[in-house]
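This report refers to the structure that appears directly beneath it.
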Ligand code: BDR
Ligand code: CA
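Residue numbers (the working numbering): 157 to 469.
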């Protein structure tokens, strides 16, 4: 099968960084047409810079990186320095990137790229708040039919919230954007916390990254060592969840995941449950299914794949 054409929409973040590395290491599976940064874990000037740092680390400075929206559609930006550190990529010391940021706005890149392709041929991979994608759909509704699939990290059902008791971070930051995306009619695959909380960076898994003996392996180990302190304290878990790489792993091997095709609606009104992904997991309503909502992951298979691919960089 020809590699899928993808656009990665992202707010790096250490786990976003690992997702980008996984994609750039997997040309037989995905062609990364561009990386669009969005404000999320940290403000936009840092997320676009971090995206470039990661592409350079992968040895792919020719990757097109764009800056997109610097704030959610209608709300004030909420960030997550408490998880990712001040830079968004705290942990190892890293040099500033030398590869250029593209001058075009990330949203216009998404629109132009989709317009240049046939219907159903481009996959969008959002790893942060859905602001860029919703803005593109609002501005150019004709592009919606061009999307083959949206495979995104966001939401939660059994695990409920990580930024509020009810909501997962990416959806909470821009619930209005998420509502637009989930109502778009595009086929959607969701990697919620229910899945990503199985993708834990246990000690042997981090040791396997270090054992690669490469700069990439060392960086990934150092990022995860930094990033996991927060979740270890919070959940008492064995490591940190590598949320965003689940999106790219799905494109490479969908059999690693199990889920249900259900209706998912986004709460945008209630202050208490703002950004909640109301998934009809038990199909107790007659609302039409609109998303493949994943619920489980073969964690060993996931880490084997990740380590094997990172070894290529
Ligand atoms: C999501 O929020 C961010 O902090 C991570 O990068 C991930 O995309 C998890 O809730
Ligand atoms: Ca992210």
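For each residue, glycine too, the CB sits at the ideal point set by N, CA and C.
Query raised in the report: Who are the near neighbours of residue 384 in its chain, counting only those whose CB is closer than 6 Å to its CB and skipping five residues on each side?
Result: These residues qualify, in order along the chain: 357, 395 and 396.
Query raised in the report: For ligand 2, is there a heavy atom less than 8 Å away from the beta-carbon of residue 178?
Result: No.
Requested in this report: Flag residue 206 as yes when its Cβ comes closer than 8 Å to any non-hydrogen atom of ligand 2, and as no otherwise.
Outcome: For ligand 2, not one heavy atom lies less than 8 Å from the Cβ of residue 206.
Report task. Pull up the distance between the alpha-carbon of residue 419 and that of residue 217, whole angstroms please. Result -> Using only the alpha carbons, I get a separation of about 40 Å.
**Report entry** residue 287 vs residue 377 beta-carbon contact at 9 Å
**Finding:** For residue 287 and residue 377, no; Cβs fall outside 9 Å.
Report task. Output the residue ranges of the beta strand (DSSP E) runs that lie fully inside the region 193–238 and measure 3 residues or longer, sorted by chain position. Result -> Segments of the beta strand (DSSP E) lying fully in the region 193–238: 221–223.
Requested in this report: May I ask you to report which of helix, strand or coil DSSP gives residue 385?
Outcome: In this structure, residue 385 counts as helix in the three-state DSSP scheme.
Query raised in the report: What are the residues that DSSP puts in a beta bridge with residue 336?
Result: Per DSSP, none; premise fails for residue 336.
Report task. Grab the span of the alpha helix (DSSP H) containing residue 172 for me, first residue to last. Result -> In the DSSP assignment, residue 172 falls within the unbroken alpha helix (DSSP H) covering 170–180.
Query raised in the report: Does the distance from the CB of residue 326 to the CB of residue 373 come in under 9 Å?
Result: If you check the CB distance, residue 326 and residue 373 do not come in under 9 Å.
Query - Opposing strand residues paired with residue 347 [DSSP bridges] - result: DSSP lists 309 as partners of residue 347.
Query raised in the report: Just to check, is the beta-carbon of residue 166 closer than 8 Å to a non-hydrogen atom of ligand 2?
Result: Result yes, Cβ under 8 Å from ligand 2.
Query raised in the report: Measuring CA to CA, which of 298, 324 and 430 is closest to residue 310?
Result: Nearest C-alpha to residue 310: 324.
Query raised in the report: Three or more beta-carbon pairs under 8 Å between the region 259–275 and the region 228–245, yes or no?
Result: Here the region 259–275 makes no contact with the region 228–245; the two share fewer than three CB pairs at distances below 8 Å.
Report task. May I ask you to report which of helix, strand or coil DSSP gives residue 373? Result -> Annotated three-state conformation of residue 373 is helix, per DSSP.
Query raised in the report: Is the region 160–175 close to the region 202–216, with three or more CB pairs under 8 Å?
Result: Yes, the region 160–175 touches the region 202–216.
**Report entry** Between the CA atoms of residue 460 and residue 368 - distance to the nearest angstrom
**Finding:** Across the structure, residue 368 and residue 460 are spaced so that their CA atoms are roughly 12 Å apart.
Report task. Measure the Cβ-Cβ separation of residue 255 and residue 211 and say whether it is below 9 Å. Result -> Yes.
Query raised in the report: Would you call residue 282 buried or exposed, if buried means 16 or more other Cβ atoms sit within 10 Å of its Cβ?
Result: Per the 10 Å Cβ criterion, buried.
Query raised in the report: Can you find a heavy atom of ligand 1 that lies under 8 Å from the Cβ of residue 384?
Result: Not one heavy atom of ligand 1 sits closer than 8 Å to the Cβ of residue 384.
**Report entry** Residues whose Cβ lies closer than 6 Å to any heavy atom of ligand 1, in chain order
**Finding:** Look at which beta carbons fall closer than 6 Å to any heavy atom of ligand 1; those residues are 169, 171, 172, 197, 236, 239, 283, 284, 309, 318, 324, 325, 326, 399 and 400.
Query raised in the report: Just how far apart, CA to CA, sit residue 296 and residue 341?
Result: One C-alpha to the other measures close to 15 Å.
Query - Counterpart residues of residue 453 in DSSP-defined beta bridges - result: As computed with DSSP, residue 453 is found in a beta bridge with 413.
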